[in-house]
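Numbering follows our numbering, in which position 89 of the sequence shown is assigned residue number 84; successive positions increment by one, without gaps.
Just so you know, even glycine gets a beta-carbon here, dropped at the ideal spot from N, CA and C.
Okay, so here's the structure we're looking at.
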Amino acid sequence: MSRVQLALNVANLDEAIDFYSKLFDAEPAKVRPGYANFAVADPPLKLVLIEDAARAPGSLNHLGVEVETTDEVEAARDRLAGTGLSTTAEAEVACCYAVQDKVWVDGPGGEPWEIYTVLADVEMVPGSLRTVGPDSTACCATGADRAAESTTACC
-4 MSRVQLALNV
6 ANLDEAIDFY
16 SKLFDAEPAK
26 VRPGYANFAV
36 ADPPLKLVLI
46 EDAARAPGSL
56 NHLGVEVETT
66 DEVEAARDRL
76 AGTGLSTTAE
86 AEVACCYAVQ
96 DKVWVDGPGG
106 EPWEIYTVLA
116 DVEMVPGSLR
126 TVGPDSTACC
136 ATGADRAAES
146 TTACC
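Structure follows, in structure tokens:
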């Protein structure tokens, strides 16, 4: 089953968890320092909350589509590249308390989209959502904004 992912920046994680638990009548699937995600069944949605005081609360962090297998990620990468879109692939990257395979592409307004699969859960250093540094080309943001992103702006 695939589902759309919406990752939001929030000012207060506890308040956001309380609100979205009520909104979707669901408890978070994962809660870690500065991070929570919900695996909402109806409507099918992966909601990610990233506590980040530097970004406007409620602002978009990134969008995504969670798929079941690495083969689906690779097929998406090939399909997107075949249409002429610029993609960035990541294999077995630790991000958002999970090891993931993913491919990134920018929307027309510069909004980062990821198509990803979760391979395993992993613990992270509190306050850090990625093992890849902000100067790496493997960051949530794509294109020119990549180097300016922080290591908390992903997942």
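Original post:
Secondary structure at Thr112, three-state DSSP: helix, strand or coil?
Top reply: The residue labelled residue 112 in the question sits at position 117 within the sequence shown. In this structure, Thr112 counts as strand in the three-state DSSP scheme.
Original post:
How long is the line joining the alpha carbons of Glu10 and Val35, rounded to whole angstroms?
Top reply: Walking along the sequence shown from the start, residue 10 turns up at place 15. Walking along the sequence shown from the start, residue 35 turns up at place 40. Straight-line Cα distance between these residues: approximately 18 Å.
Original post:
Where does Pro129 sit, in a helix, a strand or coil, going by DSSP?
Top reply: Looking up residue 129 in the sequence shown gives position 134. Bear in mind that a pLDDT of 36 at Pro129, under 50, signals an unreliable position, so the number given afterwards is only what the model happens to contain. Residue state, collapsed to three classes: coil.
Subject >> Residues of its chain near Ala139, where Cβ-Cβ distance is below 8 Å and the 5 sequence neighbours each way are ignored >> reply: What you label residue 139 is simply residue 144 of the sequence shown in a count that begins at 1. Since pLDDT at Ala139 reaches only 31, below the 50 mark, its modelled position is unreliable, and the value read off the structure follows with that caveat. Within the same chain, Ala139 has no close Cβ partners at all.
Original post:
Quick one: Cα of Glu184 to Cα of Pro28, how far?
Top reply: No answer is possible for residue 184: it lies beyond the span of the chain, which begins at -4 and ends at 150.
**OP:** Quick one: using the 10 Å Cβ neighbour count with 16 as the cut-off for buried, is Thr78 buried or exposed?
**Re:** Within the sequence shown, numbered from 1, the residue matching residue 78 stands at position 83. By the neighbour-count rule (16 or more Cβ atoms within 10 Å), Thr78 is not buried but exposed.
Original post:
Glu46: which of Glu87, Gly105, Asp96, Ala6 sits nearest, CA to CA?
Top reply: Here residue 46 corresponds to residue number 51 of the sequence shown, with the count starting at 1. Checking every option, the nearest Cα to that of Glu46 belongs to Ala6.
Subject >> Glu106 and Lys97 closer than 9 Å at C-beta >> reply: By one-based count along the sequence shown, residue 106 stands at place 111. By one-based count along the sequence shown, residue 97 stands at place 102. It is not a contact, given that the beta carbons lie outside the stated cut-off.
**OP:** May I ask you to report which of helix, strand or coil DSSP gives Val117?
**Re:** For this step, residue 117 is matched to residue 122 along the sequence shown. Of the three classes helix, strand and coil, the one that applies to Val117 here is coil, per DSSP.
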